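Q: Here the sequence shown is numbered in this note's numbering, starting from 71 and rising by one per residue.
Glycine included, every Cβ here is placed at the ideal spot set by N, Cα and C.
The structure presented is a predicted model; accordingly, all values stated were derived computationally and were not measured.
Before anything else, here's the structure in question.
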Amino acid sequence: MQTLPSFVLGSRHLATGGFQSLENPVTEELVAQASSAGLDYAQVVRFGREVGGRHLRALTFAERGALLAKCSAAIHAQRDALIELSRINGGTTRGDGKFDIDGATGTLTFYASLGEKLGARTHLVDGESVQLGRTARHSGLHVRVSRPGVAVHINAFNFPAWGMMEKFACSILAGVPVIEKPGTPTAMLAARIAELIVEANIMPEGSFQFVCGSLGDMLDHLGPHDVLAFTGSSATGAKLRGNANLVRQNVHVTLECDSLNAAVLAPDVEESSETYALFLRNVALDMTQKTGQKCTAVRRIFVPKERAAQVQADLVDALSRIPVGDPADEKMRMGPVASKAQFEDVSKGIARLAAHGTVACGGAARLYPKGWFLAPTLIVARDAADPAHHAEEVFGPCASLLPYEGDATTAAALVNKGGGGLVCSAYSNDAVWSERFTLEAAPWHGRVWLASDKNADQALPPGMVLPHSIHGGPGRAGGGEELGAERGLELYMQRTAVQGFKGMLDALLPKQA
Ligand code: NAP
Numbered sequence: 071m072q073t074l075p076s077f078v079l080g081s082r083h084l085a086t087g088g089f090q091s092l093e094n095p096v097t098e099e100l101v102a103q104a105s106s107a108g109l110d111y112a113q114v115v116r117f118g119r120e121v122g123g124r125h126l127r128a129l130t131f132a133e134r135g136a137l138l139a140k141c142s143a144a145i146h147a148q149r150d151a152l153i154e155l156s157r158i159n160g161g162t163t164r165g166d167g168k169f170d171i172d173g174a175t176g177t178l179t180f181y182a183s184l185g186e187k188l189g190a191r192t193h194l195v196d197g198e199s200v201q202l203g204r205t206a207r208h209s210g211l212h213v214r215v216s217r218p219g220v221a222v223h224i225n226a227f228n229f230p231a232w233g234m235m236e237k238f239a240c241s242i243l244a245g246v247p248v249i250e251k252p253g254t255p256t257a258m259l260a261a262r263i264a265e266l267i268v269e270a271n272i273m274p275e276g277s278f279q280f281v282c283g284s285l286g287d288m289l290d291h292l293g294p295h296d297v298l299a300f301t302g303s304s305a306t307g308a309k310l311r312g313n314a315n316l317v318r319q320n321v322h323v324t325l326e327c328d329s330l331n332a333a334v335l336a337p338d339v340e341e342s343s344e345t346y347a348l349f350l351r352n353v354a355l356d357m358t359q360k361t362g363q364k365c366t367a368v369r370r371i372f373v374p375k376e377r378a379a380q381v382q383a384d385l386v387d388a389l390s391r392i393p394v395g396d397p398a399d400e401k402m403r404m405g406p407v408a409s410k411a412q413f414e415d416v417s418k419g420i421a422r423l424a425a426h427g428t429v430a431c432g433g434a435a436r437l438y439p440k441g442w443f444l445a446p447t448l449i450v451a452r453d454a455a456d457p458a459h460h461a462e463e464v465f466g467p468c469a470s471l472l473p474y475e476g477d478a479t480t481a482a483a484l485v486n487k488g489g490g491g492l493v494c495s496a497y498s499n500d501a502v503w504s505e506r507f508t509l510e511a512a513p514w515h516g517r518v519w520l521a522s523d524k525n526a527d528q529a530l531p532p533g534m535v536l537p538h539s540i541h542g543g544p545g546r547a548g549g550g551e552e553l554g555a556e557r558g559l560e561l562y563m564q565r566t567a568v569q570g571f572k573g574m575l576d577a578l579l580p581k582q583a
């Protein structure tokens, strides 16, 4: 069985004990083992901060962007082999494997271009200078500079490639070295990507380290310029945020957590319209892509009460036409959930939701004697306001159908019962309804996605995280913010107000072209 490596302190580390087993969720065979036992975590932090930081901060944005472009190329060159690894350890179909790996290379390429655009400088100017004295001679300006620290990135199991590389891209471009930790159950793909980057000798010494397995006491060694960016469950996020050292040292922490993402059909949408067809397509895709193990997957589907029976029939029809099985068979469009633990969680979650409605299709039962397969599951809520449907994220191919009555404000109030989400999508051709819904839902969401007949033929699905827009959300979703083009660098850069003679500020801090 393969032992997955860590890459730290400029070399490859293979543990000799303390292993966690990784399995193939289709065959239930063990495929690899991971452990970080034997690492000196404090030394890993120091090496990144001191050696990696020094090298990265000496580079301009354009030079850092060029590193990202090389990483993207190194990963893309092994695309097929990586898709295969994703299948073996994650149970993904070819489409789902591509989604993760192309998401990683696409995000790297996006930030490589941004680096090129930001050019031959190492800092950013934020906003315009303002007059502070009697005349403009005494002025103030805000500047962003790289934090002289290290960024620890803790990633979830569901996007071993994309999740890791989106954090990596922002941090490296901002000039902050990274220590990447993958979610252990699916770490084979992340470990191979790390190996490709190391073998290609792209990154300056110390700027990229990869720890496979536990982080040990690493968080206890972070200081005021370091960053912790976490993606995973709210429970783990809350535990990490409470770490005494992180609190004491005011370490910059951002959390990307659970989300009960919603899709809302407005009363005006005709069944014959392009918008209705898109609604059905996107909901079915979101529920089944990556077997529903997507932080942006739809968990709650709100439909006007008088339309509920039709929508239920249409969705059941769409979901039942999705072949579920071994992703080695190219006809399959949905694979298993990623592990036994994941299966048990999802199965229990479905059973809990089913007690608060009726199961229109699917259910909590295992689909085949071998492998962690579940059927796409739609549960029709008895009451759209029942807290059971707004309280728990079931991280698998399952969603609740919630028939609602009332206007856009009522619909948004129900959506907001999710307690803070990454994305909510709304389908309407009524501009007044859409505007009202957007303004009511926006404070509770990182992203509001709107479709109408005007953009239905162009809109990428709401579950797609694009580097152009921010990703994150308030409340339950963790309160964090990632990506969003240049905004993605903010976490890794200190904003400082500089006040002085305007001529001096203009010369020292010219605004980038
Ligand atoms: P998880 O169990 O919370 O684990 C997330 C990460 O935290 C893993 O790398 C895990 O390592 C690590 N971890 C756990 N305990 C730790 C500790 N005490 N110290 C340091 N690291 C620790 O979540 P998951 O099951 O991997 O992922 C599923 C969850 O992630 C879902 O709730 C999903 O909604 C959420 N998610 C959110 C987003 C977003 O952008 N908001 C994106 C993807 C996923 P091990 O694997 O080694 O335990």
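Closer than 7 angstroms: is that where the CB of Asp-290 sits relative to any heavy atom of the ligand NAP?
A: False, no ligand heavy atom lies under 7 angstroms from that Cβ.
Q: Going by alpha carbons, who is nearest to Gly-489 out of Pro-439, Thr-479, Pro-544 and Tyr-474?
A: Comparing Cα positions, the closest option is Pro-544.
Q: Over what stretch of residues does the beta strand (DSSP E) that includes Arg-82 continue unbroken?
A: Start and end: 81-83.
Q: Taking 7 angstroms as the cut-off, is the beta-carbon of Lys-251 closer than that to any non-hydrogen atom of the ligand NAP?
A: At least one heavy atom of the ligand NAP is nearer than 7 angstroms to the Cβ of Lys-251, so yes.
Q: Within the present structure, is the beta-carbon of His-223 separated from the nearest heavy atom of the ligand NAP by less than 7 angstroms?
A: No, the beta carbon of His-223 sits no closer than 7 angstroms to any heavy atom of the ligand NAP.
Q: Any chance the CB of Phe-229 is under 7 angstroms from a heavy atom of the ligand NAP?
A: Yes - the ligand NAP has a heavy atom lying nearer than 7 angstroms to the Cβ of Phe-229.
Q: Three Cβ pairs or more, each shorter than 8 angstroms: is that satisfied between the region 229-239 and the region 305-319?
A: As far as the Cβ criterion goes, the region 229-239 does not touch the region 305-319, which means the pair count is below three.
Q: Which residue marks the beginning of the beta strand (DSSP E) containing Tyr-346, and which one marks its end?
A: Element bounds for Tyr-346: not the beta strand (DSSP E) but the alpha helix (DSSP H), 344-358.
Q: If you reduce the DSSP assignment to three classes, tell me which class His-538 lands in.
A: Residue state, collapsed to three classes: coil.
Q: Residue ranges of each beta strand (DSSP E) run of no fewer than 3 residues wholly in the region 238-298, ordered along the chain?
A: For the region 238-298, whole beta strand (DSSP E) runs of length 3 or above, ordered along the chain, are 248-251 and 278-280.
Q: Please specify which runs of the beta strand (DSSP E), each continuous and at least 3 residues long, are wholly inside the region 182-215, giving them in chain order.
A: The qualifying runs are 193-201.
Q: Identify, in the order they occur along the chain, each residue of the same chain with its Cβ nearer than 6 angstroms to the Cβ of Leu-285, setting aside the five sequence neighbours on each side.
A: The answer, listed in chain order, is Lys-251.
Q: Please state the DSSP three-state secondary structure of Asn-67.
A: Outside the shown range of the chain (71 to 583) lies residue 67, about which nothing can therefore be said.
Q: Using only CA atoms, which one of Asp-356, Val-115 and Cys-365 lies nearest to Leu-492?
A: If we check each option's Cα against that of Leu-492, Cys-365 comes out closest.
Q: Identify, in the order they occur along the chain, each residue of the same chain with its Cβ nearer than 6 angstroms to the Cβ of Tyr-346, setting aside the five sequence neighbours on each side.
A: Excluding sequence neighbours, Tyr-346 sits near Val-339.
Q: Going by DSSP, which residues form a beta bridge with Gly-491?
A: Paired residues: His-515.
Q: Short check: CB of Phe-180 to CB of Pro-537, under 8 angstroms?
A: Their beta carbons are under 8 angstroms apart, which means Phe-180 touches Pro-537 by this criterion.
Q: Would you list, in sequence order, the uninterrupted alpha helix (DSSP H) runs of no fewer than 4 residues that lie entirely inside the region 379-438?
A: Taking only runs of at least 4 residues, the alpha helix (DSSP H) segments lying wholly in the region 379-438 are 410-424.
Q: Does the region 197-212 come close enough to the region 555-573 to have 3 or more Cβ pairs within less than 8 angstroms?
A: With a cut-off of 8 angstroms, the region 555-573 and the region 197-212 count as touching, because enough Cβ pairs lie within range.
Q: Does the Cβ of Cys-365 lie closer than 7 angstroms to at least one heavy atom of the ligand NAP?
A: Yes - the ligand NAP has a heavy atom lying nearer than 7 angstroms to the Cβ of Cys-365.
Q: What does the alpha-carbon distance come out to for the pair Leu-423 and Tyr-438?
A: Their Cα atoms are separated by approximately 22 angstroms.
Q: May I ask you to report which of helix, strand or coil DSSP gives Met-71?
A: Coil, per DSSP.
Q: Quick check on this structure: which residue in Thr-301, Ala-379 and Ala-226 has the alpha carbon closest to the alpha carbon of Gln-412?
A: Answer by Cα proximity: Ala-226.
Q: Can you grab the Cα-Cα spacing for the pair Gln-201 / Glu-505, in whole Å?
A: Their backbone Cα atoms lie some 37 angstroms apart in a straight line.
Q: Out of curiosity, what's the CA-to-CA distance linking Ser-156 and Phe-571?
A: When rounded, the distance between both Cα atoms is 56 angstroms.
Q: Can you round the beta-carbon distance between Glu-462 and Gly-419 to whole angstroms, since I take them to be within the 8 angstroms contact cut?
A: Rounded, the Cβ-Cβ distance is 6 angstroms, consistent with contact.
Q: Taking the alpha carbon of Gly-550 as the reference point, which residue from His-515, Ala-521, Gly-395 and Ala-529 has its own alpha carbon closest?
A: Measuring from the Cα of Gly-550, the nearest candidate turns out to be His-515.
Q: Would you tell me roughly how many angstroms separate the C-alpha atoms of Gly-87 and His-460, rounded to the nearest one?
A: Whole-angstrom Cα-Cα distance: 42 angstroms.
Q: If we define contact as Cβ-Cβ less than 8 angstroms, is Ala-482 a contact residue for chain D?
A: Note that chain D does not occur in the displayed structure, where there is just one protein chain.
Q: Does Glu-326 pass the burial test, meaning 16 or more other C-beta atoms within 10 Å, or should it be called exposed?
A: It counts as buried.
Q: What are the complete beta strand (DSSP E) segments, minimum 3 residues, inside the region 526-575?
A: As far as the region 526-575 is concerned, its whole beta strand (DSSP E) runs of at least 3 residues are 540-543, 550-553 and 563-571.
Q: Counting only the same chain and skipping the five closest in sequence on each side, list residues whose C-beta sits under 8 angstroms from that of Gln-148.
A: Hits under 8 angstroms: Arg-262 and Leu-266.
Q: Going by DSSP, what residue range makes up the alpha helix (DSSP H) through Ala-112?
A: Note, Ala-112: alpha helix (DSSP H), 111-117.
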